[in-house]
Amino acid sequence: MARRVVLDTNVLVAALRSQRGASAAVLRRVGTGQFEFCLSVALLLEYESVLKRRSTGITLSPAAIADILDYLAKVGQAQEIFFLWRPILPDSGDDHVLEVAVAGRCDTIVTFNRRDFRGAEKFGLVVAPPAAFLTDLQSEES
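Quick note, the sequence shown lines up with residues 45 to 186 if you use the working numbering.
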């Protein structure tokens with residue numbers, strides 16, 4: 045059974061800023077069957093809001109960003125959130141990411157902000173940066 049994953053918004057920002065990093069490698073694997081990608085409407089809207097900000101340093105056109113978001117919506121496993129555990133995490137702005145992970149029975153939250161997800165382990169979740177997540181994926185493949 046494929047690992048189930050939620051990508052924090054900062055991973056998408058990094059992936060779209062540079063094609064060479066671990067974040068871009070994770071994004072390229074979405075929809076390939078190497079893992080199942082979970083999201084919610086609220087998380088997709090956050091992706092859209094943040095990725096379209098000029099301050100992110102993303103140089104893609106709004107149309108290209110819209111295409112990426114459409115793809116994520118198409119291949120992602122949409123999770124309905126029926127509970128609001130707020131606040132649970134040190135940064136309550138990240139609680140909705142945790143809620144997607146729990147509702148989707150995910151194994152991993154991929155993020156650069158691991159300290160913001162202290163407490164996620166209570167739900168059986170691994171919180172990993174993109175490079176560590178890729179290493180785990182590659183070790184599973186071999």
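Ideal placement from N, C-alpha and C gives every residue a C-beta, glycine not left out.
Own chain residues within Cβ distance below 7 Å of C150, not counting five before or after = R48, V49, V50, C82, L169
Taking one C-beta from the region 59-78 and one from the region 159-177 each time, how about it: are there three or more such pairs within less than 8 Å?
-> yes
Quick check: the region 54-62 against the region 117-124, are there 3 or more CB pairs under 8 Å?
-> no
With respect to the alpha helix (DSSP H) encompassing L71, which residues constitute its N-terminal and C-terminal limits?
-> Annotation for L71: the continuous alpha helix (DSSP H) segment containing it runs 66-73.
Given K166 as reference, the closest of T152, S183, A110 once Cα atoms are compared | Distances from the CA of K166 to each of T152, S183, A110 were compared; the closest alpha carbon is that of T152.
Of the listed residues G75, F126, E143, A59, nearest to T100 (C-alpha basis) = Of the listed residues, the one whose Cα sits closest to T100 is A59.
How many whole angstroms separate the CB atoms of E187 and A46, which I take to be in contact at a CB cut-off of 8 Å?
-> Past the edges of the chain, shown from 45 to 186, lies residue 187, and the structure says nothing about it.
C-alpha gap between I125 and P106, whole angstroms | 28 Å
Leaving out five residues before and five after N157 in sequence, what residues of the same chain have Cβ atoms less than 7 Å from its Cβ?
-> Once the five neighbours on either side are set aside, the close Cβ partners of N157 are D52, N54.
Which stretch, first to last residue, makes up the beta strand (DSSP E) that contains E80?
-> E80: member of the beta strand (DSSP E) spanning 79-83, first to last residue.
Helix, strand or coil at I153 according to DSSP, with G and I counted as helix = Note: I153 maps to strand in three-state DSSP.
Would you mind giving the Cβ-Cβ distance between A164 and V171, rounded to the nearest angstrom? I have them listed as a contact below 8 Å.
-> 5 Å
Just grab the DSSP bridge partners of V171 for me.
-> I153
Taking Y115 as the reference, give the member of T179, E92, T103, R97 with the closest Cα.
-> E92
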